Amino acid sequence: MATFKKDPDAVLDYVFDWAPYLTPIADTIASVTWVLSPGLTKISQSNTTMTATAFIGGGTAGESLTLTCRIVTAGGRTDDRSVVLKIVDR
Numbered sequence: 102m103a104t105f106k107k108d109p110d111a112v113l114d115y116v117f118d119w120a121p122y123l124t125p126i127a128d129t130i131a132s133v134t135w136v137l138s139p140g141l142t143k144i145s146q147s148n149t150t151m152t153a154t155a156f157i158g159g160g161t162a163g164e165s166l167t168l169t170c171r172i173v174t175a176g177g178r179t180d181d182r183s184v185v186l187k188i189v190d191r
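Mapped onto my numbering, the consecutive letters of the sequence shown carry residue numbers 102 to 191.
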């Protein structure tokens, strides 16, 4: 699982590119749900047929929090991808 540093006061966009998974199986994103550790806040979200983006704020310095992107595809598949956000004063 990838780890990214995030300042507690930052609101940053996190993009999940599903194309390497979806293209070979000729499928696309139908819907996206974001699952956040307590302390994180989803400010906004958007998606295309191959990517999902969320603007995320929050966290307290010293925490390691998980951000999960859950998709349901047009073909009926459900899958998750997660990253760890290490909250640090920057």
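All C-beta atoms, glycine included, are put in the ideal place defined by N, C-alpha and C. Note that the coordinates shown come from a computational prediction; the quantities given were computed from them, not determined experimentally.
- Within the same chain, Cβ atoms closer than 7 Å to the Cβ of V173 are found at A131, S132 and T179, the five residues on either side in sequence being excluded.
- G140 is a Cβ neighbour of G160, given a cutoff of 9 Å.
- Between the alpha carbons of R171 and G163 lies a gap of roughly 26 Å.
- Around the beta carbon of K107, 16 or more other beta carbons sit within 10 angstroms, so the residue counts as buried.
- Burial is judged here by how many other beta carbons sit within 10 angstroms of a residue's own beta carbon; A153 has at least 16 and is buried.
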